[in-house]
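A short worksheet on the structure shown next.
Put into structure tokens, the structure is as follows:
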């Protein structure tokens with residue numbers, strides 16, 4: 002058994018090591034949003050299905066054919082290495098990100114991943130043929146344990162200690178060892194013989210037939226339907242939870258890994274021993290967790306970010322325990338295990354397709370999470386019908402089931418109320434690969450009508466509807482903010498008085514509020530990755546005065562700026578504004594040493610870079626200080642207070658420059674906030690090493706980051 006166990010363990014380890022690795026590689030190319038990981042998960046789930054399908058097909062062939070074919074395919078997969086994509090695979094605005102990511106993954110990790118995915122079910126089938134008296138389902142638990150080990154080791158060992166290129170090289174080396182080991186095992190199986198069943202094995206075969214609910218009978222269509230539904234609900238819950246968590250903090254490997262690790266842990270527990278899953282315990286917990294998490298979604302300020310993460314993960318674990326526990330209870334005899342695994346992977350792939358492809362077309366908000374909670378609540382009611390604790394008397398069964406049904410209706414009603422309210426309040430709304438956008442109108446506390454752009458639950462700009470106030474800077478861009486200081490008081494070195502027309506670069510359009518500071522003759526170049534934002538800003542907001550030159554550049558700002566440099570088109574900005582960090586998903590690749598190298602090449606020698614670092618949960622000021630120290634720039638912090646009468650919020654800006662005339666001018670000196678000893682200390686992020694976790698504030702809100710329901 003050792004050779005099967007070691008090969009299965011190594012294959013499963015590689016499967017779940019390559020996922021965060023390749024996801025981190027391509028994440029910066031697509032704006033750093035959570036949808037990147039969702040599409041990656043869709044790809045991996047579909048390839049997992051393809052691997053199981055290949056294993057199921059191959060397992061029905063003669064032994065010699067199985068062994069030689071699998072060994073040959075393993076060796077042929079080596080031609081697809083290495084797994085890292087080169088710069089030619091960087092996205093272009095004319096290609097939809099989803100299809101570009103899927104094509105990239107197929108080219109670089111498709112063949113190895115498919116074969117690694119097929120290893121578990123195929124080798125378990127071979128093991129059951131060589132040792133018919135031994136249970137192969139323990140090997141399934143072992144493969145999930147290996148997967149969990151890879152996920153847990155990546156953020157604590159591989160990511161912080163190795164550069165991305167070194168991680169990829171290490172993965173390739175281990176994959177070569179896996180191919181050699183698995184090819185040897187394939188040949189040994191092809192040329193070997195089935196071990197005869199002895200008396201002890203015969204007793205084990207009889208025990209296995211009674212260990213599963215269906216005995217040794219072939220599964221019925223109802224079994225396949227049940228497996229499909231259970232695995233699909235678990236898959237949707239995993240991806241929807243990951244989306245929620247990534248939006249609340251950042252799209253980083255750690256927050257991808259936590260939900261996936263919990264998901265795998267429930268597989269390990271449920272398939273290791275039946276006693277770990279108790280219907281009467283976990284089914285009622287579904288209702289408790291669903292009610293709690295829906296309440297927190299509506300009132301997120303009630304819990305800190307740490308408690309929110311814990312609640313989302315607990316809900317995921319409870320729902321997956323029910324789904325995977327029911328799968329384990331209904332698993333067939335070993336001879337049908339490849340069909341069983343194939344059905345499970347099909348359900349997982351369908352869940353991925355629903356979250357990544359179907360939900361963005363059907364819904365204007367992230368409502369698949371609510372729908373999954375409704376489905377889990379219904380599943381819990383059916384699970385309760387099959388198991389009752391001894392203390393509940395028969396006459397109480399109907400009231401308990403009725404209560405469960407009422408809770409199902411309550412969860413569905415809360416979902417319906419939110420969706421209706423979401424749509425009724427919106428003047429305009431859309432959902433795309435990059436998230437949800439809404440334009441809503443309401444009155445401020447002084448009764449003045451105002452229009453607001455929301456990305457998810459975070460404000461990205463607001464404008465008064467009264468023409469007399471429409472040009473007034475709002476939200477984070479008030480008259481005392483850092484961006485106001487940079488644009489109003491910028492002077493070029495060696496030049497007296499105010500500078501002439503400015504060239505202004507802006508990363509992150511939002512509602513275009515910063516455009517209210519542009520004067521006639523100025524030029525503004527907006528870099529925006531989401532075409533929906535450009536559409537909303539152009540349709541519903543108007544902050545830019547006549548006589549100001551404006552260009553909108555679609556695509557990730559860093560990728561686009563790099564392409565401009567390669568084309569010999571440095572923009573020579575006087576002021577470059579980085580305004581992409583107020584939302585909950587932080588694009589970390591815009592804050593690394595390599596990113597600042599790109600910005601500096603687009604900046605005039607005496608120019609200013611303004612970083613907007615206001616954020617509800619993350620203190621990025623130390624990261625910007627680290628960039629300033631590395632490039633020997635002055636770091637000027639400007640903290641501005643909220644003014645409800647002007648509809649402005651407290652804002653945190655950090656200005657970087659080599660322009661001492663600007664830095665030492667009286668207006669800038671008066672507006673600057675001195676750095677204190679208890680402020681975030683400088684930390685340098687690079688493309689290979691960047692830890693957002695250390696910058697997260699788990700306490701109360703640091704600066705205003707208004708949200709809308």
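Residue numbers (my numbering): 2 to 710.
Quick reminder that beta carbons are idealized off the backbone N, C-alpha and C, glycines included.
- CA-CA distance, residue 684 to residue 119, rounds to 43 Å.
- Secondary structure at residue 654: strand, using DSSP grouped into helix, strand and coil.
- Around the beta carbon of residue 616, 16 or more other beta carbons sit within 10 angstroms, so the residue counts as buried.
- For residue 539, DSSP assigns no beta-bridge partner whatsoever.
- Put simply, of 279, 481, 569 and 468 the residue whose alpha carbon is nearest the alpha carbon of residue 543 is 468.
- Between residue 265 and residue 145, the CB-CB gap stays under 8 Å.
- The count of Cβ pairs closer than 8 Å, one atom from the stretch 621–639 and one from the stretch 514–532, stays below three, leaving the stretches out of contact.
- The straight-line gap separating the alpha-carbon atoms of residue 647 and residue 426 is approximately 23 Å.
- Between residue 269 and residue 124, the gap from beta carbon to beta carbon reaches 8 Å or more.
- Shown here for residue 432: same chain residues with a beta carbon closer than 6 Å to its own, the five before and five after excluded, namely 361 and 365 in chain order.
- Here residue 591 carries a helix assignment [DSSP, helix/strand/coil].
- Using a 10 angstroms sphere on the CB of residue 244, the tally of other CB atoms reaches 16 or more, which defines it as buried.
- Between residue 85 and residue 169, the C-beta gap is smaller than 8 Å, which places the two residues in contact.
- Contact between residue 610 and residue 591 is absent: CB atoms are separated by about 11 Å, not below the 8 Å threshold.
- Beyond the five residues adjoining it in sequence on each side, residue 283 comes within less than 7 Å, by CB distance, of 319, 322, 323 and 326 in the same chain, given in chain order.
- Look at the beta carbons and you see the stretch 37–57 not touching the stretch 169–188: under three pairs across the two are nearer than 8 Å.
- In this structure, residue 16 lies near residue 148, with their beta-carbon atoms less than 8 Å apart.
- The beta-carbon separation of residue 526 and residue 552, rounded to 5 Å, stays under the 8 Å limit for a contact.
- Per the Cβ contact rule, the stretch 640–655 is in contact with the stretch 461–478 (3 or more Cβ pairs under 8 Å).
- Annotated as distal: residue 21 and residue 345, with beta-carbon spacing of 8 Å or more.
- Contact between the stretch 626–640 and the stretch 664–676 is present: 3 or more CB-CB pairs across the two stretches fall below 8 Å.
- No residue range can be given for residue 337, since it is assigned to no alpha helix (DSSP H) and is classified by DSSP as neither H nor E.
- Taking C-beta separations shorter than 6 Å and ignoring five residues to either side along the sequence, the partners of residue 688 in its chain run 593 and 595, following chain order.
- Segment contact: the stretch 150–165 against the stretch 105–112, fewer than three CB-CB distances shorter than 8 Å; contact not assigned.
- Per the coordinates, the alpha-carbon of residue 643 lies some 22 Å from the alpha-carbon of residue 679.
- Sixteen is the threshold: since fewer than 16 other Cβ atoms of the shown chains lie within 10 Å of the Cβ of residue 448, the residue is exposed.
- Of all C-beta pairs linking the stretch 451–471 to the stretch 651–664, fewer than three are shorter than 8 Å, placing the two stretches out of contact.
- Exclusion of the five residues before and after residue 513 leaves 538, 542 and 544 as the residues of its chain whose Cβ lies within less than 6 Å of its Cβ.
- The beta carbon of residue 23 sits closer than 6 Å to the beta carbons of 110 from its chain, once the five residues preceding and following it are set aside; these are given in chain order.
- Under the three-state reduction of DSSP output, residue 473 falls in the coil class, being neither helix nor strand.
- Distances from the alpha-carbon of residue 575 to those of 507, 342, 314 and 455 put 507 closest.
- Distance between residue 601 and residue 38, taken at the CA atoms: about 30 Å.
- DSSP lists 576 and 658 as the beta-bridge partner residues of residue 609.
- The C-beta distance from residue 654 to residue 484 rounds to 6 Å, short enough to fall under 8 Å.
- Residue 577 places its beta carbon less than 8 Å from that of residue 603.
- DSSP places residue 550 in the uninterrupted beta strand (DSSP E) bounded by 550–555.
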